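Residue numbers (our numbering), protein chains in the order written: chain A, 1 to 348; chain B, 349 to 925. Positions of the beta carbon are idealized from the N, C-alpha and C atoms, including for glycine. Note that the structure is a prediction, hence the values are computed from the model and not measured.
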Amino acid sequence: MSLILDKITKVYPDFFIDVSLSAEKGEIITLLGPSGCGKTTTLHIIVGFIPPDTGRISLNGRDVTALPPFARKVGLVFQEYALFPNMNVFKNIAFGLRMQGWSRRDTEARVRGLLELIRLPRYEARNVSELSGGEQQRIALARALAPNPDLLLLDEPLSALDAKLRNQLRSEIRRIQRELELTTVYVTHDQEEALAISDRVVVMKDGRVEQAGSSYEIYNRPKTRFVAQFVGITNMLPARVSSTRGGYTRLSSPEGTFLTNYHGSLEKGQKVTLLVRPEKCLIGGETTNENRVMGRITGCEYLGDSTIISLTLKQNPFTVKIFGPLTCKVGEEVRISFSPEACWILRD
Amino acid sequence: MKQSEQSGGKARGIERHTMGASGRDTLLFLFPLLFLSIFFYFPLVSILNEGLTDESRRFTLNHVAAVLTDRYSIRVILFTVEQALISTAASVLLGLPGAYILARYDFRGKSIIRAVTTVPFVLPSIIVVLGFVIFFGNNGMLNRSLMATFNLEEPPLKVLYSMRAIILAHTFYNFPICIRLVSAVWSRVNPNLEKAATSLGARGMRLFWHVLLPQIMPGILAAAALIFIFCFTSFAVILVLGGGPKFTTIEVAIYRYAKVSLDLKAGSALAIVESFLSVFFMYAYIRLQKQVSFAEEIQLRYEKKKLVTILRSPKGALAVFYLFVTFMLIIAPMLAAVSYSFLKRSGWAGRTTFTLEWYRRFISELSSGALAVSYRAAVRNSLFFGALTVLLSLPLGTTIAYITTRKQLPARGLIEAFAMLPLGISSIILGLGYIKAYQSLPVDITGSWYAIAFAHTVIAYPFVLRAATSVFRKINPRLIQAALSLGATPWRAFWRVELPLIKSGLIAGATFAFAISVGEINATLMLYNPQFTTIPIAIYRLISSYNFFAAAALGTVLMAICFAVFLLIDKIGFEVS
Numbered sequence: 001m002s003l004i005l006d007k008i009t010k011v012y013p014d015f016f017i018d019v020s021l022s023a024e025k026g027e028i029i030t031l032l033g034p035s036g037c038g039k040t041t042t043l044h045i046i047v048g049f050i051p052p053d054t055g056r057i058s059l060n061g062r063d064v065t066a067l068p069p070f071a072r073k074v075g076l077v078f079q080e081y082a083l084f085p086n087m088n089v090f091k092n093i094a095f096g097l098r099m100q101g102w103s104r105r106d107t108e109a110r111v112r113g114l115l116e117l118i119r120l121p122r123y124e125a126r127n128v129s130e131l132s133g134g135e136q137q138r139i140a141l142a143r144a145l146a147p148n149p150d151l152l153l154l155d156e157p158l159s160a161l162d163a164k165l166r167n168q169l170r171s172e173i174r175r176i177q178r179e180l181e182l183t184t185v186y187v188t189h190d191q192e193e194a195l196a197i198s199d200r201v202v203v204m205k206d207g208r209v210e211q212a213g214s215s216y217e218i219y220n221r222p223k224t225r226f227v228a229q230f231v232g233i234t235n236m237l238p239a240r241v242s243s244t245r246g247g248y249t250r251l252s253s254p255e256g257t258f259l260t261n262y263h264g265s266l267e268k269g270q271k272v273t274l275l276v277r278p279e280k281c282l283i284g285g286e287t288t289n290e291n292r293v294m295g296r297i298t299g300c301e302y303l304g305d306s307t308i309i310s311l312t313l314k315q316n317p318f319t320v321k322i323f324g325p326l327t328c329k330v331g332e333e334v335r336i337s338f339s340p341e342a343c344w345i346l347r348d
Numbered sequence: 349m350k351q352s353e354q355s356g357g358k359a360r361g362i363e364r365h366t367m368g369a370s371g372r373d374t375l376l377f378l379f380p381l382l383f384l385s386i387f388f389y390f391p392l393v394s395i396l397n398e399g400l401t402d403e404s405r406r407f408t409l410n411h412v413a414a415v416l417t418d419r420y421s422i423r424v425i426l427f428t429v430e431q432a433l434i435s436t437a438a439s440v441l442l443g444l445p446g447a448y449i450l451a452r453y454d455f456r457g458k459s460i461i462r463a464v465t466t467v468p469f470v471l472p473s474i475i476v477v478l479g480f481v482i483f484f485g486n487n488g489m490l491n492r493s494l495m496a497t498f499n500l501e502e503p504p505l506k507v508l509y510s511m512r513a514i515i516l517a518h519t520f521y522n523f524p525i526c527i528r529l530v531s532a533v534w535s536r537v538n539p540n541l542e543k544a545a546t547s548l549g550a551r552g553m554r555l556f557w558h559v560l561l562p563q564i565m566p567g568i569l570a571a572a573a574l575i576f577i578f579c580f581t582s583f584a585v586i587l588v589l590g591g592g593p594k595f596t597t598i599e600v601a602i603y604r605y606a607k608v609s610l611d612l613k614a615g616s617a618l619a620i621v622e623s624f625l626s627v628f629f630m631y632a633y634i635r636l637q638k639q640v641s642f643a644e645e646i647q648l649r650y651e652k653k654k655l656v657t658i659l660r661s662p663k664g665a666l667a668v669f670y671l672f673v674t675f676m677l678i679i680a681p682m683l684a685a686v687s688y689s690f691l692k693r694s695g696w697a698g699r700t701t702f703t704l705e706w707y708r709r710f711i712s713e714l715s716s717g718a719l720a721v722s723y724r725a726a727v728r729n730s731l732f733f734g735a736l737t738v739l740l741s742l743p744l745g746t747t748i749a750y751i752t753t754r755k756q757l758p759a760r761g762l763i764e765a766f767a768m769l770p771l772g773i774s775s776i777i778l779g780l781g782y783i784k785a786y787q788s789l790p791v792d793i794t795g796s797w798y799a800i801a802f803a804h805t806v807i808a809y810p811f812v813l814r815a816a817t818s819v820f821r822k823i824n825p826r827l828i829q830a831a832l833s834l835g836a837t838p839w840r841a842f843w844r845v846e847l848p849l850i851k852s853g854l855i856a857g858a859t860f861a862f863a864i865s866v867g868e869i870n871a872t873l874m875l876y877n878p879q880f881t882t883i884p885i886a887i888y889r890l891i892s893s894y895n896f897f898a899a900a901a902l903g904t905v906l907m908a909i910c911f912a913v914f915l916l917i918d919k920i921g922f923e924v925s
């Protein structure tokens, strides 16, 4: 393991952090959660701005818990770039090298190499104030990478950028991180960003880890209601287990009965919640899907590549996402269907 | 709730253990604490002690009660308030049109007009006095030219040594403050409010009264409060232009008690009464000022009209006339002083001729005329005290600013109030405190060079503190975090990242402190011995002995120093008020 946070705690008057997590060499893990969930505080504990009350932080086998931030070899990139305004691009990137006492020639070569890596060659003499947001953030990345850190921390690095640039820089960061095989912790509140960039996603809530897993697991196999709701839109129907057999679980609810391929151990009669992602449902037409339920359309949003249809079943609201356009009338009764494989079950 | 705690924590970000040893912290606190205790609070307590005890050192309110019932003291207090009120009203009325013009119009030279409104903060009061005596004096420029033009035997305007002179000088000195503060507020008023009100049928006076005035009122009140404080504690203007017991203010009365009748008990009692009032006014000003700066910051600005395009309208002509008159009002007395410095007159009614005689005296080391020292020594003394003030007030103000912006403090508000109190205590009272406090000690520091330097530091450092506080607040704490994460120790992070960013603010504060020291006359007059005569004291002595031409030469040198300071501050863009 490259990074280990072992039972880190930090207590504030009205808030606390209680986190254990680890990252393998070259892995990029994301701390995902709403603002106030403790992800930035956790990051600041890792970099050393905040001392934990208890617990141990180890980095490539070194125990760094008691080290000040400047001795940890951790690179940090901020949301608002935080480039030194009194220095040009070269001096910003060279700052960490200067602190390590690199020679002038080595520094110049290193800065040149990094500028090529971030695809801003010959930017050395530029003033940071004349750069665009995307350029500034790439310089900030180069600055953090310059002293060869053991770990790279990115604190919402794309939040200040517009949507198009965000996607572009996201894959750029991913490319560089892979190229350097650099262990990385990435903080964001944007679930799409988290799913796209991570090897592993750590969903946080109220200072604790709610669930950690691959993007696929987090999206398709949420362990808690919070994770299910925070990551993407999801339909939730309260139900009871009516039978379990041959890798299938049958549920009954006021909306009808549903067949799922969930094969965890469940008691007959147990209260559960059925989860169905909107894009895994169909509306109307001929279908071989086992699960069918009637709903009344309450709203329709055409998004160009897809259409979001809001409905009400007997008691519960329901959302369906169809790819492409769909002519639909508000008030119309339609049939919704989905396969057993589209279902996931939360134990209440 | 958690949210705000969180973001508060983020903003400070760096906790104690990364900021270095706590031993260094103790030292950090110790320096300002010791300095202020010895050179501000000890003298202040000495005055309280003197004014509130009887001969047998028992607590008594008799002296304060005497001040509040004695006919002379009551007259002095009432006169002080009266002249301050009238001066304030006149300054605000004269300044408001200027505030309107600066907020609403664009014209060539606007930046100069705006810069000129800094003058009251930088120009020493003794220069105002000098300019007035030379320009409005019975034998001054205005009277002489009027007499020459209309063939008069007697000077037609007898302005000096009267209430009029005081009001006029205070108004001239302070109306730019009103322009500066109110125009800033006025240009921040959301123009859509006015459009909305107009669309609802409000026009002319009703629009002004119901919509605009409530918006700019906090600005007007803040400006009025500040001007009132300046006039209430004005000293040199009253001492020279008022003269006589009839036109004595509290400050002048304390000065006379301390230096002429040597009645420190009565002086201290009066000082206690004045300090109560001035601290109260200062508090009111700070509250009003906060209200102004809390007013919503909006992006919308008035579309400024070009002054030239409306010049043909009566309103535009009026605006240009106003700008011309007020500009002249500020410049004329100063120009008069400069031109006088190149003149000499043979006898009381003789002809004036061009001379460089006064400036030649700067080369000589001989003491001259009414002074115990040479002009050269006066300049040297002023520069010496100015430099010492910078050397002391810069670390003092910066340290306090660092502590109050970076450290987790219990009772932060109280600490800030203690640090800013010197602003609320007049320099005459500070001088009195030094006289009283160090009288009983084996070393009498009054009359020494260091007493003056320490007094100047106490007077000047709040401005360094303010400048440093604002630059410390502006620094993004992330920059320091970034430096730390890149391997910089806290000390190197301060040296390489923070210091370069706060440098200009510190320079502005230091420059301002220098200007204050060089122009300071109140505390200096209380503490100096002739050997340490400064430029302002020399000017005062020369005016007192009616040697206006020589005074003008020293005044010109002082103005040149202040002008350089003014240019520097204007370039750096430090908000002085």
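Is it the case that the Cβ atoms of residue i and residue j are separated by a distance below 8 Å?
i, j, result
"Ala858/B", "Val819/B", "no"
"Ser531/B", "Thr737/B", "no"
"Ala816/B", "Ile763/B", "no"
"Ser242/A", "Asn289/A", "no"
"Glu868/B", "Ser774/B", "no"
"Val187/A", "Asp155/A", "yes"
"Lys882/B", "Ala726/B", "Per the sequence shown, residue 882/B should be read as Thr rather than Lys. Yes, they are a contact pair."
"Thr519/B", "Ser439/B", "yes"
"Leu237/A", "Ser253/A", "yes"
"Val806/B", "Leu778/B", "yes"
"Gly96/A", "Gly795/B", "no"
"Lys271/A", "Arg292/A", "no"
"Thr700/B", "Arg708/B", "no"
"Ala667/B", "Tyr453/B", "yes"
Could you check whether the Cβ of residue i sits closer than 8 Å to any Cβ belonging to chain D?
i, result
"Arg138/A", "In summary, chain D is missing from the structure at hand, where the protein chains are A and B."
Once you ignore the five residues that flank residue i on each side, which residues in its own chain have a CB closer than 6 Å to its CB?
i, result
"Leu326/A", "Thr307"
"Thr65/A", "Arg56 and Ile57"
"His804/B", "Phe733, Thr737, Ser865 and Glu868"
"His411/B", "Gly399, Lys613 and Ala617"
"Met489/B", "Phe483 and Ala684"
Tell me the residue span of the beta strand (DSSP E) that contains residue i.
i, result
"Leu719/B", "It is not in any beta strand (DSSP E) - Leu719/B carries neither H nor E in the DSSP assignment."
"Leu251/A", "Tyr248 to Ser253"
"Arg56/A", "Thr54 to Leu59"
By the DSSP assignment, the alpha helix (DSSP H) with residue i in it spans what residues?
i, result
"Cys343/A", "Per DSSP, Cys343/A belongs to no alpha helix (DSSP H); it is in the beta strand (DSSP E), Cys343 to Arg347."
"Phe498/B", "Met489 to Phe498"
"Phe427/B", "Arg419 to Arg452"
"Leu338/A", "Going by the sequence as given, residue 338/A is Phe instead of Leu. Element bounds for Phe338/A: not the alpha helix (DSSP H) but the beta strand (DSSP E), Glu333 to Phe338."
"Leu875/B", "Asn870 to Leu875"
"Leu555/B", "Gly552 to Leu555"
Spatial neighbours of residue i within its chain, please: C-beta separation below 8 Å, excluding the five flanking residues on both sides.
i, result
"Asp6/A", "Ser20, Gly55, Arg56, Ile57 and Ser58"
"Met630/B", "Ile577, Leu771 and Gly772"
In the DSSP output, what is residue i paired with across the bridge?
i, result
"Lys973/B", "Any answer about residue 973/B is impossible in this case: the structure gives chain B only from 349 up to 925."
"Tyr12/A", "Phe15/A"
"Val74/A", "Leu151/A"
"Arg512/B", "Answer by DSSP bridge pairing: none, since Arg512/B is not bridged."
Under 7 Å Cβ to Cβ from residue i, same chain only, skipping five residues before and after it: list those, please.
i, result
"Gln351/B", "Low confidence applies to Gln351/B: its pLDDT is 37, below 50, so where it sits in the model is not reliable enough to give any reading."
Beta strand (DSSP E) segments (min. 3 residues) lying fully within the stretch 259-329 of chain A = 271-276, 291-302, 306-312 and 317-323
Ranges of the alpha helix (DSSP H) found wholly within the stretch 706-772 of chain B, counting only runs of at least 4 | 723-754 and 760-768
Secondary structure, beta strand (DSSP E): runs of 3+ residues fully inside the stretch 124-159 of chain A | 151-155
At 4 residues or longer, and completely inside the stretch 166-235 of chain A: list those alpha helix (DSSP H) runs for me, N to C.
-> 191-197, 215-220 and 225-230
What are the start and end residues of each continuous alpha helix (DSSP H) run of 4 or more residues lying completely inside the stretch 779-860 of chain B, in chain order?
-> 797-822, 825-833 and 838-841
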